[in-house]
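Numbering (mature numbering (1 follows the signal peptide of the UniProt record, and there is no 0)) for the sequence shown: -21 to -1, 1 to 307.
Think of the CB as a built atom: it goes at the ideal place given N, C-alpha and C, for glycine as much as any other residue.
First the structure, in the form of C-alpha cells, and then the observations on it.
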Amino acid sequence: MGVRGAFHLLLVCLSPALLSAVRINGDGQEILYLAEGDNVRLGCPYILDPEDYGPNGLDIEWTQVNSDPSHRENVFLSYQDKRINHGNLPHLQQRVRFAASDPSQYDASITLSNLQVSDTATYECRVKKTTTATRRVIITVQARPAVPLCWSEGHFTHGNDVVLKCFANGGSPPLTYKWAKISGHTHPYRAGSYHSQHSFHSELSYQESFHSSISQVSGLNNGDLVLKDISYKDDGLYQCTVANHVGYSVCVVEVKVSDTRRIGIIIGAVLGSLLALGCLLVGIWGLVCCCCGGAGVGGGSRGPFGYGGGVGGGVGGGACGDLSNEIR
C-alpha cells in the first residue's frame, strides 16, 4: 500500500471523531422583537450522535453575551451533572426556566417570562458533549405605544383648512403614525392599545374619497394630517394608528363640516317668509283702516232714524261699518 493509500485509510478511521457529536436544530441565529410584559420561548433543541447518548458528561449553558469580550460571560442558567443551576443574574432568576423538565432529553430550550426592556440582549445556548454546539437569539424588548390623543385645530367651515392632530406620549421608538378614514358612522374600535404580529409602515393609507384633500406640510409633527379646502364630503371619522415593532394603539377624531352657503340660504328663506308675513299683516291693517274711515264720506240727510240717503253713506255704513264694529 502506498503512502497515499495509507493516508486515506487514516482519514476513514478518524472520520467519526471529526464529526460533531452535538448538533442544534434550527438556524444559527434568530432575531426577535417582543413587547414588554410578554413571555417568550427561546428554542434550543439538539441532537446527539448514537455513541454519545445518555446524560453523563452533558453540559448546557445559557448566557447573556457581553459586547465587550474582556468581560466575563453572564451564565444565568445551566445544566450540569444532572442538576439545574441558576447563575449570576438575579433579575432573571425568578423569570427563567428550562422549557423541558429534563433538559437532557434533547431540548435545552428556555422560557423567559414577564419581559422587561432591560432584557434586551443577545442570548446564547451552548450544548457540550464530546464537542460543543451553540445557537444565538437576539432579543429586543420594547414598550407598546401608549394610547394616543386625537384632536383637531381649525374651524370645520366649508372651504377652510384644518389639521388633525395625533400624539402618543409613550412607547419605544421608532413610532410610526398612520391616518385612515373609517367608513360609515360607527367607530368599530375603542381607543386603546393592541397587540400586533406585523410591523407597521409609515406610509399613509386613505380612502379615495379624501385623497385629493390631504396635504403633508413641512414643519408639522409626524402625527399631523392637513385637510385642505374641506367640504361636506370630508365628514366622517378619522382614525390615527400609532405603531412600533411590537404593537399599536388607536384614537379617533370626528370631522363635521358646516356649509356657510347652506346657512345663508336658510337664513334668506326665513327672512323672506317673515317679510311676506309682514306685508300681509300691513295689507290687512290698511283694509281695516280704510273701512273705518269711510263711514262718514257719503254724508246724506238725517232722517228720523239717523243718517241715510247717500251712496257713500250706504257703503261706509253698511258692510265696512259692520266689519269695523266686529274688529273693534
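Span of the alpha helix (DSSP H) holding His70?
That run of the alpha helix (DSSP H) goes Pro69 to Gln72.
For the region 104 to 113 against the region 29 to 46, are there 3 or more C-beta pairs whose distance is under 8 Å?
Because the criterion of three Cβ pairs below 8 Å is met, the region 104 to 113 and the region 29 to 46 touch.
Member of Ser151, Ser131 and Gly251 whose CA lies at the smallest distance from the CA of Lys235
Considering only Ser151, Ser131 and Gly251, the residue with the shortest C-alpha distance to Lys235 is Ser131.
Is it a yes or a no for the region 64 to 76 touching the region 8 to 15, going by three-plus beta-carbon pairs under 8 Å?
Per the Cβ contact rule, the region 64 to 76 is not in contact with the region 8 to 15 (fewer than 3 Cβ pairs under 8 Å).
Just verifying my parser: in three-state terms, what is the DSSP assignment at Ala14?
Reduced to three states, the DSSP call for Ala14 is strand.
What's the gap between the Cα of Leu22 and the Cα of Lys61?
It should be pointed out that residue 22 corresponds to Gly in this sequence rather than to Leu. Between Gly22 and Lys61, the C-alpha separation is close to 20 Å.
Where Tyr85 sits in the DSSP three-state scheme:
Coil, per DSSP.
Contact defined as beta carbons within less than 8 Å: I believe Gly226 pairs with Cys145. What is the distance between those atoms, to the nearest angstrom?
For Gly226 against Cys145, the beta-carbon gap comes to about 16 Å, at or over 8 Å, which does not count as contact.
Out of Ala159, Asn223 and Cys230, which has the shortest C-alpha to C-alpha gap to Leu205?
This sequence places Val at residue 205; Leu is not what is there. Of Ala159, Asn223 and Cys230, the residue nearest in Cα terms is Ala159.
Cutoff 6 Å; reference Thr119; Cβ partners in own chain excluding five residues on either side:
The answer, listed in chain order, is Tyr12 and Thr99.
According to the neighbour-count rule (16 or more other Cβ atoms, all chains shown, within 10 Å of its Cβ), is Gln218 buried or exposed?
Of the residues assessed, Gln218 falls on the buried side of the cut-off, its CB having 16 or more other CB atoms within 10 angstroms.
For Ile161, which residues does DSSP report across the bridge?
Paired residue(s): Leu216.
Whether Tyr156 touches Val221 by CB criterion (8 Å)
Yes, these two residues count as a Cβ contact at 8 Å.
From the DSSP secondary-structure annotation, give me the bridge partner or partners of Asp140.
Its beta-bridge partners do not exist; DSSP assigns none.
Can you list, in chain order, the residues of its chain whose CB lies under 8 Å from that of Val141, leaving out five sequence neighbours each side?
Cβ within range, chain order: Ser131, Glu132, Gly133, His134, Phe135, Val205, Leu206, Ile209 and Val234.
Inter-residue spacing [alpha-carbon to alpha-carbon] between Leu71 and Glu15
Straight-line Cα distance between these residues: approximately 15 Å.
For Asp238 and Asn200, what's the separation of their Cα atoms in angstroms?
Between Asp238 and Asn200, the C-alpha separation is close to 29 Å.
Could you check the C-alpha separation between Ser184 and Leu143 for me, to the nearest Å?
Low confidence applies here, because Ser184 scores a pLDDT of 41, under 50, leaving its location unreliable and the question unanswered by this model.
Give the DSSP bridge partners of Phe146, in chain order.
DSSP, once it has assigned bridges, lists Leu128 as partnering Phe146.
Which value, in whole angstroms, describes the spacing of the CA atoms of Val229 and Asn148?
About 13 Å.
Excluding sequence positions up to five away, which residues of its chain have a Cβ less than 6 Å from the Cβ of Ile117?
In chain order, Ile10 and Thr101 place their CB closer than 6 Å to the CB of Ile117, counting only its own chain and leaving out the 5 sequence neighbours on each side.
Can you tell me whether Leu254 is helix, strand or coil according to DSSP?
DSSP places Leu254 in the helix class (H, G or I) of the three-state scheme.
Can you check which of these residues, Leu56, Thr110, Leu260 and His65, is closest to Glu30 by C-alpha distance?
Proximity to Glu30 across Leu56, Thr110, Leu260 and His65 peaks at Thr110, based on C-alpha coordinates.
Closest by C-alpha distance to Ser83, when choosing among Gly66, Ser57, Arg114 and Ser92
Answer by Cα proximity: Ser57.
Buried or exposed, going by whether 16 or more other CB atoms sit within 10 Å of the CB of Asn223?
By the neighbour-count rule (16 or more Cβ atoms within 10 Å), Asn223 is buried.
Assuming Thr101 is part of the beta strand (DSSP E), what are its boundary residues?
Start and end: Ala100 to Lys107.
From the DSSP secondary-structure annotation, give me the bridge partner or partners of Thr110.
Residue pairing by DSSP leaves Thr110 without any beta bridge partner.
Verify whether the separation of the beta carbon atoms of Leu216 and Ile161 is less than 8 Å.
Contact flag set, yes.
From Asn35 to Tyr85, what does the alpha carbon distance come to, in whole angstroms?
Linking Asn35 to Tyr85 through their CA atoms gives a straight-line distance of about 13 Å.
Of the residues Pro152, Val1, Asn45 and Pro69, which one's Cα is nearest the Cα of Phe55?
Here the closest residue by C-alpha is Pro69.
Taking only the alpha-carbon atoms, compute the straight-line gap between Gly282 and Leu260 and give it to the nearest angstrom.
Below a pLDDT of 50, predicted positions are generally treated as unreliable, and Gly282, at 47, falls in that range; no measurement from the model is reported.
Using the Cβ count rule (16 or more neighbours within 10 Å means buried), how would you classify Pro153?
Taking all protein chains shown into account, Pro153 has fewer than 16 neighbouring C-beta atoms within 10 Å of its C-beta and is therefore exposed.
Could you pull the start and end residues of the beta strand (DSSP E) that Tyr211 belongs to?
Per DSSP, Tyr211 belongs to no beta strand (DSSP E) and is neither H nor E.
DSSP-derived helix/strand/coil call for Asp203:
When DSSP states are grouped into helix, strand and coil, Asp203 belongs to the coil group.
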